[in-house]
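Residue numbers (this note's numbering), protein chains in the order written: chain A, 1 to 124; chain B, 125 to 403. Input: a single structure, listed below in structure tokens.
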Amino acid sequence: MSGDDTRLAANDLERWLAILLRLGVLSSAAVILTGVAMSIWIGNTGYADGGFPHSLIAVFNGLMEFKPFAVVMLGLFILIMTPVFQVVTCAAIFWRLNDRPYALLALFILAILMISFTLGKASG
Amino acid sequence: MALHELLILATAVIAGLLGSMLGMGGGTFLVPIMTLFLGVPIRLAIGASIVSVIATSSASAAKFVKARITNIRIGIMLETGATLGALSGAYLVGILHPSVLFLIFGIVLLISTYQLILRRSLELPEPVTQDSISKRLCLSGSYYDTRLGFQVDYRATGAYKGWLVLYVAGALSALLGIGAGLFKVLGMDIFMKLPMKVSTATSNFMIGITAAASAGLYFARGDIDPAVAAPTALGVLMGASVGPWLTGRMKSTTIRTLFIPVLVYVGVTMMLKGMGVLH
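Here's what the structure looks like:
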């Protein structure tokens, strides 16, 4: 890793990561707030007895019916996915800069994350 | 019901502020307060906490990354350990008794606090000779310390030890639903000899990723309740927005002084819980 390359790498990587992180946080907050506003406006959460969707399919169905808590869950899901995109960005940029070791490390992390999500679906 | 949500929101704002300033996810404060004082069932508290960890991590990481204090390579390298730990932790959930965890957590925290106290006067770590793997992975960097007013070059070492600490941190994160940022910061600070601000910033960068590894599980199990998780996430985001700005204006030694009473409180609480003294 030459000095110039590393500096360019640093700029690129850090710039994109900062953008992604901000985007993830802001969009999830906006969606969550929308869901909360909806629940206040409508006067209920769209689910009886304090229930809420906890699978992607259930969230999708709830969204189709404009249920406030489904919107909130979507926002929470976006938040959960933000770190995943964080890692994808790292892998992509390291790869583009021919920093193979770190690109592979990032891909390794991605694999672990995917495994954990799949396990989650299996037990959920 | 609205009052309950507002209380959760207020708690979350404070947790977010403290958390982002100390390189933690704030979950370490959130779970005890929500379960002990706000009557939230522990599984929902942990689920909301995991979400808040991601919120804090992402919100403040953006600013640290932009300010080029975060060492992304060290973060990625250590995160391989933490996510593996998170998987192991999730697996261990069925096997280990929670009190054992609380006890271990508390003991390790108190030991780390003692070490921190010893290092309190060190503004910057001493110059370091790197071990071979740290050299090979180029675990070094540089950042501009606004409070000290000059560029700080640093080299890390102790990559194996750091990785192991991160593995444990990841396992704890999955087991307790916290960010375990404390472990990460201390691991980097003590074992890898990184400057405090770099440890904090890099920890912020990492804890969200580790939390995502267990968040999927909690989401599917129905432990993420919008009524709890939404005010938590929003509150933590608000608090965490202010944190990095405050951290940049303070000396590393001041940050450490803040850290110590927090650690003692959390360590003692955890131990008491583990020994069955606290509910």
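Yeah, the Cβ is synthetic: ideal placement off N, Cα and C, and Gly gets one too.
Inset, instruction - Check whether the segment 189–198 of chain B touches the segment 325–336 of chain B, counting contact only when three or more Cβ pairs, one atom from each stretch, lie closer than 8 Å. - result: With the cut-off at 8 Å, the segment 189–198 of chain B and the segment 325–336 of chain B touch.
Inset, instruction - State yes or no: is the beta carbon of M64/A nearer than 8 Å to at least one beta carbon in chain B? - result: Not one chain B Cβ lies under 8 Å of M64/A.
Legend entry - Contact under 8 Å by Cβ, I57/A with F343/B: Against a cut-off of 8 Å, the Cβ pair of F343/B and I57/A comes out as no contact.
Inset, instruction - Can you grab the Cα-Cα spacing for the pair F383/B / T393/B, in whole Å? - result: Between F383/B and T393/B, the C-alpha separation is close to 15 Å.
Inset, instruction - Measure the C-alpha to C-alpha separation of S338/B and P83/A and round it to an integer number of angstroms. - result: S338/B and P83/A: Cα-Cα distance of roughly 12 Å.
Legend entry - 7 Å CB neighbourhood of V309/B in its chain, flanking five on each side removed: Once the five neighbours on either side are set aside, the close Cβ partners of V309/B are G147, S323, T324, S327.
Legend entry - Beta bridge counterpart(s) of D277/B as assigned by DSSP: Per DSSP, S266/B.
Legend entry - Given 8 Å, three or more beta-carbon pairs between the segment 288–298 of chain B and the segment 209–216 of chain B: Result yes; three or more Cβ-Cβ pairs closer than 8 Å.
Inset, instruction - In angstroms with no decimal places, state the Cα-to-Cα distance between M114/A and F77/A. - result: Straight-line spacing of the CA atoms in M114/A and F77/A works out to 15 Å.
Inset, instruction - Establish whether the CB of I343/B and some CB of chain A are separated by less than 8 Å. - result: Looking at the sequence shown, residue 343/B is not Ile but Phe. Any Cβ of chain A closer than 8 Å to the Cβ of F343/B would place that residue at the interface, and such an atom is present.
Inset, instruction - Examine chain B for any beta-carbon lying closer than 8 Å to the beta-carbon of M38/A, and answer yes or no. - result: No, M38/A lies away from the interface with chain B (no Cβ there is under 8 Å from its Cβ).
Inset, instruction - Just the chain B side, please: which residues come within less than 9 Å of G50/A by C-beta, in chain order? - result: Against chain B, the beta carbon of G50/A has neighbours under 9 Å at D349, A351, listed in chain order.
Legend entry - Per-residue burial, T118/A [other beta carbons within 10 Å of its own, 16 or more giving buried]: Exposed is the call here.
Inset, instruction - Starting from N195/B, follow the alpha helix (DSSP H) in both directions and report where the run begins and ends. - result: Taken as a continuous stretch (DSSP letters only), N195/B belongs to no alpha helix (DSSP H), as it is neither H nor E.
Inset, instruction - In the DSSP assignment, find the alpha helix (DSSP H) that holds I157/B and state where it starts and stops. - result: Boundaries of the alpha helix (DSSP H) harbouring I157/B: 151–160, taken from the DSSP string.
Inset, instruction - List the residues of chain B that L105/A touches, going by C-beta distances under 7 Å, in chain order. - result: By Cβ distance, chain B contributes I200, M201, T204.
Inset, instruction - Alpha carbon to alpha carbon, how far is L387/B from T135/B? Give it in angstroms, no decimals. - result: Cα atoms of T135/B and L387/B: separation of roughly 18 Å, rounded to the nearest angstrom.
Inset, instruction - Check whether the Cβ atoms of G50/A and A351/B sit closer than 8 Å, and answer yes or no. - result: G50/A places its beta carbon less than 8 Å from that of A351/B.
Inset, instruction - May I ask you to report which of helix, strand or coil DSSP gives V84/A? - result: Under the three-state reduction of DSSP, V84/A is assigned to helix.
Inset, instruction - Using alpha carbons as the reference points, say which of T270/B, Y267/B, G311/B lies closest to L288/B. - result: The residue with the shortest Cα to Cα distance from L288/B is G311/B.
Inset, instruction - Would you mind working out which of M399/B, L131/B, C262/B, Y278/B sits nearest Y268/B, comparing C-alpha positions? - result: Distances from the alpha-carbon of Y268/B to those of M399/B, L131/B, C262/B, Y278/B put Y278/B closest.
Inset, instruction - Return the residue from the list A304/B, Q275/B, I314/B, G273/B that minimises the CA-CA distance to Y284/B. - result: When each option's Cα is compared against that of Y284/B, the closest is I314/B.
Inset, instruction - Could you tell me which chain A residues have their CB closer than 8 Å to the CB of S338/B, listed as they occur along the chain? - result: S116, listed in chain order.
Legend entry - Simplified DSSP assignment, three categories, for R373/B: R373/B falls in the coil class under three-state DSSP.
Inset, instruction - Find the residues of chain B that neighbour T34/A, judging by a C-beta separation of less than 7 Å, and give them in chain order. - result: Going along chain B, no residue has its Cβ under 7 Å from T34/A, so there is no contact; the nearest lies around 11 Å.
Inset, instruction - Name, please, each residue of chain A whose Cβ falls closer than 7 Å to the Cβ of K190/B. - result: Here the neighbours are E14, A18.
Inset, instruction - Buried or exposed for M64/A, please, with buried defined as at least 16 other CB atoms from any protein chain shown within 10 angstroms of its CB. - result: M64/A is classed as exposed because its beta carbon has fewer than 16 other beta carbons within 10 Å across all chains shown.
Inset, instruction - Show which residues of chain A have a CB atom less than 8 Å away from the CB atom of A210/B. - result: Taking a Cβ-Cβ threshold of 8 Å, the residues of chain A close to A210/B are I112, S116, in chain order.
Inset, instruction - Could you confirm whether any beta carbon from chain A is found closer than 8 Å to the beta carbon of T381/B? - result: Not a single C-beta of chain A is nearer than 8 Å to the C-beta of T381/B.
Legend entry - Within chain B, the residues that S55/A reaches when beta carbons sit closer than 7 Å: The answer, in chain order, is A344.
Inset, instruction - Tell me whether F66/A is buried or exposed, calling it buried when 16 or more other Cβ atoms sit within 10 Å of its Cβ. - result: Exposed, since its Cβ has fewer than 16 Cβ neighbours within 10 Å.
Legend entry - Whole-number beta carbon distance between I302/B and T152/B, since they are thought to touch under 8 Å: Cβ atoms of T152/B and I302/B come within 8 Å of each other, at about 5 Å.
Inset, instruction - Report yes if the CB atom of M73/A is closer than 8 Å to the CB atom of P101/A, and no otherwise. - result: Taking 8 Å as the Cβ cut-off, M73/A and P101/A do not qualify as a contacting pair.
Legend entry - Start-to-end residues for the alpha helix (DSSP H) that takes in R167/B: Start and end: 166–190.
Inset, instruction - Step through the CB atoms of chain B and report whether any lies within less than 8 Å of the CB of R100/A. - result: No, no contact with chain B.
Inset, instruction - Would you identify the three-state DSSP class for M316/B, choosing helix, strand or coil? - result: Reduced to three states, the DSSP call for M316/B is coil.
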